[in-house]
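*Asks:* Residue numbers (our numbering), protein chains in the order written: chain P, 1 to 246; chain A, 1 to 554. Beta carbons are placed, not taken as given, at the ideal position from N, Cα and C, and that holds for glycine. Source: prediction; values computed, not measured. Take a look at this one; I'll ask things after.
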Amino acid sequence: MIELIDVTKEYGKSGVRAVDQLTMKVEKGELFGFIGPNGAGKTTTIKMLTGILIPTSGTVLLDGVDIVRDPINAKKMIGFVPDGADLFDRLTGLEYLNFMADIYGVSAEQRKQKMDEYLQLFELTDAVGNRIASYSKGMRQKLATIGALLHDPTIWIMDEPMMGLDPKAAFLLKEEMKRQCAQGKTVFFSTHVLDVAEKLCTRIAMINHGKLVAEGTLEELKSAEHAANLEQIFLELTETEGAEEE
Amino acid sequence: MKAFLALLKLELSGWKAAFSMNAGKNQKQGKKISRAIWMGLLLVFVAVYMVYIEWTVMDFLISVQAGEVLLKLLVGLSMLMTLFLGIFQVMSSLYLSRDMAILSYLPVDEKRIYAARLCGQWVEEVLISALFIIPGTVVYMVRTSFSASLLLRSVAVTVLSPVVPLCVSALFAYLLTHIASFWKHRETVTTALSVVFLIAYIAFSYSMGAIGGRSSDQEAMASAVMSIRPVLDRLTDSIPPVRFAANALASGGISLLWTLLMSIGAFALVLLLCGRGYVKTAAKGLETAVSGKKVKLDEVRYSEQSAMKALVRREIGEMVHTPTYFINGLLISIVMPTLMTVLMMVSIGGSFEGGIGPFIEMILQEGTSRVVIAAFATAMMGLMLGMNSAASTAVSREGRRHGLMMSLPVDANTIVKSKLYMGLIFALIGLPIPCILLGIVIPGFWPYAILCFVWASLLAYFGTCVSLAIDLGKPKLDWINEAQAIKQNMNQLFGLLIYIVVLGLLAAGSVVSLLNGMTTTVYVIALTGILIVFALLSRLWLGKRMPAYALIES
Numbered sequence: 001m002i003e004l005i006d007v008t009k010e011y012g013k014s015g016v017r018a019v020d021q022l023t024m025k026v027e028k029g030e031l032f033g034f035i036g037p038n039g040a041g042k043t044t045t046i047k048m049l050t051g052i053l054i055p056t057s058g059t060v061l062l063d064g065v066d067i068v069r070d071p072i073n074a075k076k077m078i079g080f081v082p083d084g085a086d087l088f089d090r091l092t093g094l095e096y097l098n099f100m101a102d103i104y105g106v107s108a109e110q111r112k113q114k115m116d117e118y119l120q121l122f123e124l125t126d127a128v129g130n131r132i133a134s135y136s137k138g139m140r141q142k143l144a145t146i147g148a149l150l151h152d153p154t155i156w157i158m159d160e161p162m163m164g165l166d167p168k169a170a171f172l173l174k175e176e177m178k179r180q181c182a183q184g185k186t187v188f189f190s191t192h193v194l195d196v197a198e199k200l201c202t203r204i205a206m207i208n209h210g211k212l213v214a215e216g217t218l219e220e221l222k223s224a225e226h227a228a229n230l231e232q233i234f235l236e237l238t239e240t241e242g243a244e245e246e
Numbered sequence: 001m002k003a004f005l006a007l008l009k010l011e012l013s014g015w016k017a018a019f020s021m022n023a024g025k026n027q028k029q030g031k032k033i034s035r036a037i038w039m040g041l042l043l044v045f046v047a048v049y050m051v052y053i054e055w056t057v058m059d060f061l062i063s064v065q066a067g068e069v070l071l072k073l074l075v076g077l078s079m080l081m082t083l084f085l086g087i088f089q090v091m092s093s094l095y096l097s098r099d100m101a102i103l104s105y106l107p108v109d110e111k112r113i114y115a116a117r118l119c120g121q122w123v124e125e126v127l128i129s130a131l132f133i134i135p136g137t138v139v140y141m142v143r144t145s146f147s148a149s150l151l152l153r154s155v156a157v158t159v160l161s162p163v164v165p166l167c168v169s170a171l172f173a174y175l176l177t178h179i180a181s182f183w184k185h186r187e188t189v190t191t192a193l194s195v196v197f198l199i200a201y202i203a204f205s206y207s208m209g210a211i212g213g214r215s216s217d218q219e220a221m222a223s224a225v226m227s228i229r230p231v232l233d234r235l236t237d238s239i240p241p242v243r244f245a246a247n248a249l250a251s252g253g254i255s256l257l258w259t260l261l262m263s264i265g266a267f268a269l270v271l272l273l274c275g276r277g278y279v280k281t282a283a284k285g286l287e288t289a290v291s292g293k294k295v296k297l298d299e300v301r302y303s304e305q306s307a308m309k310a311l312v313r314r315e316i317g318e319m320v321h322t323p324t325y326f327i328n329g330l331l332i333s334i335v336m337p338t339l340m341t342v343l344m345m346v347s348i349g350g351s352f353e354g355g356i357g358p359f360i361e362m363i364l365q366e367g368t369s370r371v372v373i374a375a376f377a378t379a380m381m382g383l384m385l386g387m388n389s390a391a392s393t394a395v396s397r398e399g400r401r402h403g404l405m406m407s408l409p410v411d412a413n414t415i416v417k418s419k420l421y422m423g424l425i426f427a428l429i430g431l432p433i434p435c436i437l438l439g440i441v442i443p444g445f446w447p448y449a450i451l452c453f454v455w456a457s458l459l460a461y462f463g464t465c466v467s468l469a470i471d472l473g474k475p476k477l478d479w480i481n482e483a484q485a486i487k488q489n490m491n492q493l494f495g496l497l498i499y500i501v502v503l504g505l506l507a508a509g510s511v512v513s514l515l516n517g518m519t520t521t522v523y524v525i526a527l528t529g530i531l532i533v534f535a536l537l538s539r540l541w542l543g544k545r546m547p548a549y550a551l552i553e554s
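Rendered as structure tokens:
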């Protein structure tokens with residue numbers, strides 16, 4: 001379970017708020033989509049969820065563990081796929097996966113089983129002996145995904161996971177997300193692809209200018225905004241925000 | 001022209017950031033002020049250091065009625081330095097830069113891209129030449145007579161003299177990249193060829209040291225000048241760019257015009273030869289070999305290791321497998337202790353024949369000499385340990401991957417400690433060879449060679465902790481290529497400043513105590529004790545700063 005309580009992140013002396021008093025809760029077994037326009041605060045929120053950034057105020061709880069107070073135990077629960085998959089270019093795919101397994105304390109048996117399973121699933125077996133520097137963007141994304149799943153995390157967080165993936169890989173990833181949810185894990189991801197969020201997510205949150213502007217199931221959002229689809233809701237809410245500011 | 005200027009601005013942007021007083025997103029005013037003070041201190045330190053060295057050289061040259069040699073020496077040395085070290089800079093900036101991928105799709109002629117990158121490099125070389133030539137010229141004027149035209153000429157020569165050697169380095173780098181591209185593991189080949197080049201440089205430095213090192217008393221020094229002079233004359237006479245630049249500084253006139261014309265000519269020639277097809281050549285340097293051999297997962301043997309071990313292995317692998325890091329950092333820390341020790345042995349070896357003053361005379365006294373040589377050798381070996389690139393850029397090198405590191409379930413202390421261990425490995429790796437050399441070359445020196453190793457190791461520990469602690473304070477994470485991560489990082493110089501000051505204090509303390517009759521036993525105990533205290537203090541400081549890693553915002 002992920003819980004954000006009144007979370008705010010300010011940058012610099014000017015006090016620009018990238019995230020402004022954000023409160024939301026993602027239950028176990030939920031596939032949660034986090035959407036919003038560019039610069040809305042999605043990545044900053046994800047960075048706070050994963051312990052990369054410390055909130056200026058507020059609390060982030062992962063299965064009840066405060067990530068600021070007990071970062072190590074909180075991080076152990078997470079599998080994180082970063083945006084753009086900036087990995088360690090000089091390592092081979094296999095070295096990277098072993099590195100991640102060592103860091104998360106994955107046993108030799110479990111890493112063998114998981115690596116076999118996911119490398120074959122994402123069709124990366126042939127390339128795993130090569131340096132990451134030689135990988136395409138999609139291959140990096142796949143490798144980062146495998147690295148995040150090796151330790152069987154209870155919470156899976158992804159920043160723009162579909163970026164760079166070919167249709168087949170995107171399909172496989174979506175299936176894996178559903179499978180993880182079915183096992184009672186929490187899946188949280190940000191995306192710009194509204195179609196994916198619409199079809200995949202059990203619940204969706206929309207953020208704009210650092211503030212939560214909508215949250216609920218697709219049906220709840222549609223009825224609240226009197227819209228036919230997520231795209232309409234997105235345009236309406238982000239435009240309204242913009243117009244209000246003007 | 002607009003595109004060229006925009007690219008040049010991009011090249012120099014890293015330096016702007018390096019000199020920036022900003023210490024991070026949530027920086028406090030106090031930090032800004034302390035950084036400005038540090039920056040000022042650093043500049044004063046470098047200026048004073050250069051003036052001191054050049055003043056000493058001038059003192060000596062005047063004493064043997066050869067004051068005019070200084071100007072020739074300044075130009076010759078700065079051009080040689082640009083030539084030999086320029087190749088590493090050009091390699092890392094022009095051919096091993098990861099941002100080539102971005103530049104190559106811009107609608108800009110590749111010659112312009114090449115010209116902008118080379119000009120960016122030239123600006124860096126001008127700054128290095130200025131360090132030699134400007135203070136030297138001022139010293140020369142103070143010791144002889146003031147001349148406004150000489151001052152102006154020195155500025156012109158500072159700006160022009162690096163062009164020809166830089167162009168020669170650029171040609172070498174171009175060839176090196178092409179040669180390396182014939183092999184599958186081109187990064188390894190590039191690194192290996194660079195090592196060969198560095199060994200050639202060391203051999204050359206050694207031969208220069210051998211010529212100059214046998215100076216002892218005034219008469220011997222005069223004869224040394226006489227022996228350097230033909231070499232210097234040969235150097236300046238047989239290499240026209242050096243001759244014209246040296247003459248341009250000394251007398252100006254037609255030589256200055258020739259220097260200008262040769263610089264323009266060399267730049268145009270290199271642009272013509274290497275600028276065409278630059279993007280393609282650079283891409284060759286950056287290509288990562290893809291192995292045809294597939295990994296058979298069934299045959300892979302998985303073994304578990306601790307998080308610390310995994311982190312240290314990753315840190316070491318990154319340093320070794322990245323040519324830019326290897327060339328700019330690791331090679332220096334491995335080679336420099338041996339090089340400095342060899343040069344010292346040549347000098348001390350020479351002084352045994354004559355003796356240059358009370359300190360070296362004291363070295364000759366039975367009993368004292370071995371300990372003093374050991375202390376002196378430690379200082380020589382340890383001179384460059386303060387510039388431990390592996391440690392002083394350890395946090396900065398994470399760059400955009402800092403977020404990934406922060407998301408790992410490992411506490412800040414463990415990550416920083418892994419960087420400390422990696423830094424220590426690279427600081428210590430260069431020490432055994434010079435110590436063994438000392439043991440072999442100097443009769444009965446083995447116990448003192450071990451003492452040297454212990455002292456140098458303590459210095460290495462101190463230097464590594466200080467360098468890492470400084471990089472933790474303000475890491476430079478926003479680099480766009482690996483050369484920037486290493487070169488345009490002022491943290492290295494701040495670390496070196498602290499280290500050199502401590503080394504200087506220890507040297508001064510050693511001279512004073514030994515000249516005042518301190519016994520060798522007491523001296524050994526005192527120096528070892530002081531070094532242990534410095535090492536512990538630096539570790540304590542680093543320990544206090546470790547939690548700062550978790551607060552770095554990328």
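Use the C-beta contact count for R179 (chain P): other C-beta atoms within 10 angstroms, 16 or more gives buried, fewer gives exposed.
*Replies:* exposed
*Asks:* Please name the residue, chosen from A:L106, A:R35 and A:T137, that lies closest to S78 (chain A) on a Cα-to-Cα basis.
*Replies:* It is A:T137.
*Asks:* So, with DSSP's three-state summary, where would you put F189 (chain P)?
*Replies:* strand
*Asks:* If I measure Cβ to Cβ from A148 (chain P) and keep anything under 7 Å in the same chain, skipping five residues before and after, which residues do I get?
*Replies:* G79, F80, V81 and W156
*Asks:* Using only alpha-carbon positions, find the residue among P:C201, P:H209 and P:R140 that is nearest to L221 (chain P).
*Replies:* P:C201
*Asks:* Quick one: does P323 (chain A) have its CB under 7 Å from some CB of chain P?
*Replies:* no
*Asks:* Listed in chain order, which residues of the segment 404 to 428 of chain A have Cβ atoms closer than 7 Å to some Cβ of chain P?
*Replies:* L404, M406, S407, L408, P409, V410 and D411
*Asks:* Are the CB atoms of W455 (chain A) and L383 (chain A) within a distance shorter than 7 Å?
*Replies:* no
*Asks:* So if I threshold CB-CB distances at 7 Å, which residues from the segment 66 to 98 of chain A count as touching chain P?
*Replies:* none
*Asks:* Going straight from the alpha carbon of I254 (chain A) to that of C274 (chain A), what length do you get?
*Replies:* 30 Å
*Asks:* Contact defined as beta carbons within less than 8 Å: I believe L237 (chain P) pairs with M206 (chain P). What is the distance between those atoms, to the nearest angstrom?
*Replies:* 6 Å
*Asks:* Quick one: which chain A residues come within Cβ less than 8 Å of G39 (chain P)?
*Replies:* Simply none; closest approach about 16 Å.
*Asks:* Taking C-beta pairs closer than 8 Å, name the residues in chain A that S107 (chain P) reaches, listed in chain order.
*Replies:* E304
*Asks:* Which first and last residues belong to the beta strand (DSSP E) in which T8 (chain P) is found?
*Replies:* I2 to Y11
*Asks:* Taking beta-carbon pairs under 8 Å, can you tell me which members of the segment 51 to 73 of chain P lie near chain A?
*Replies:* G51, I52, L53, I54, P71, I72 and N73
*Asks:* Starting from G558 (chain A), find everything on chain P with Cβ-Cβ shorter than 7 Å and list it in chain order.
*Replies:* No answer is possible for residue 558 (chain A): the residues shown for chain A start at 1 and end at 554.
*Asks:* By Cβ distance, which residues of its chain are closer than 6 Å to A228 (chain P), with the 5 residues on each side in sequence left out?
*Replies:* none
*Asks:* Taking the alpha carbon of M546 (chain A) as the reference point, which residue from A:L420, A:V57 and A:K296 has its own alpha carbon closest?
*Replies:* A:L420
*Asks:* In chain A, what lies closer than 7 Å to F80 (chain P) by C-beta?
*Replies:* What F80 (chain P) touches in chain A: S407.
*Asks:* Note down, in chain order, all residues in the segment 124 to 157 of chain P with a beta-carbon under 7 Å from any beta-carbon belonging to chain A.
*Replies:* For the segment 124 to 157 of chain P, the beta-carbon criterion of a distance under 7 Å to any beta-carbon of chain A is satisfied by T125, D126, V128, G129, N130, R131, A133 and S134.
*Asks:* Can you list, in chain order, the residues of its chain with a C-beta nearer than 7 Å to that of N247 (chain A)? Leave out the 5 residues immediately preceding and following it.
*Replies:* Around N247 (chain A), the same chain offers S255 as residues with beta carbons nearer than 7 Å, after the five sequence neighbours per side are excluded.
*Asks:* Give me the Cα-Cα distance between V196 (chain P) and T217 (chain P), rounded to the nearest whole angstrom.
*Replies:* The straight-line gap from Cα to Cα measures roughly 14 Å.
*Asks:* For the structure I just gave you, are there three or more beta carbon pairs, one from the segment 319 to 335 of chain A and one from the segment 384 to 398 of chain A, closer than 8 Å?
*Replies:* Taking a cut-off of 8 Å for Cβ pairs, the segment 319 to 335 of chain A and the segment 384 to 398 of chain A touch, as three or more such pairs fall below it.
*Asks:* If the cut is a Cβ gap below 9 Å, which residues of chain A does R17 (chain P) touch?
*Replies:* Per Cβ cutoff of 9 Å: no residues; R17 (chain P) is ~13 Å from chain A at best.
*Asks:* Which one of A:R314, A:E54, A:L428 and A:H178 has the shortest CA to CA distance from T338 (chain A)?
*Replies:* A:L428
*Asks:* Just checking my contact of F99 (chain P) with I132 (chain P) at CB under 8 Å: how many whole Å lie between their CB atoms?
*Replies:* Going by Cβ atoms, the distance from F99 (chain P) to I132 (chain P) rounds to 11 Å, so no, they are not a contact pair.
*Asks:* Can you tell me which of A:I239, A:V163 and A:T281 puts its alpha carbon nearest to the alpha carbon of F182 (chain A)?
*Replies:* A:T281
*Asks:* Helix, strand or coil for T23 (chain P) per DSSP?
*Replies:* strand
*Asks:* Look up A375 (chain A) in the DSSP assignment and give the residues it is bridged to.
*Replies:* Residue pairing from DSSP leaves A375 (chain A) without any beta-bridge partner.
*Asks:* The beta strand (DSSP E) with A250 (chain A) in it runs from where to where?
*Replies:* Per DSSP, A250 (chain A) belongs to no beta strand (DSSP E); it is in the alpha helix (DSSP H), P240 to A250.
*Asks:* Assuming the contact rule is C-beta atoms closer than 8 Å, L497 (chain A) and L127 (chain A) should be a hit. Round their C-beta distance to whole Å, please.
*Replies:* That pair is no contact at about 17 Å.
*Asks:* Please go through the segment 392 to 439 of chain A and give each complete beta strand (DSSP E) segment of 3 or more residues, from N-terminal end onward.
*Replies:* Along the segment 392 to 439 of chain A, the beta strand (DSSP E) does not occur as any fully enclosed run of 3 or more residues.
*Asks:* What span of residues does the beta strand (DSSP E) with T59 (chain P) cover, start to end?
*Replies:* S57 to L62
*Asks:* Any C-beta of chain B sitting closer than 7 Å to the C-beta of K294 (chain A)?
*Replies:* Of the protein chains in this structure, namely P and A, none is chain B.
*Asks:* If distances are taken between C-alpha atoms only, which option among P:R69, P:T44 and P:H226 comes closest to D411 (chain A)?
*Replies:* P:R69
*Asks:* Counting C-beta neighbours from all protein chains within 10 Å, is the total for P162 (chain A) 16 or more, i.e. buried, or is it exposed?
*Replies:* buried
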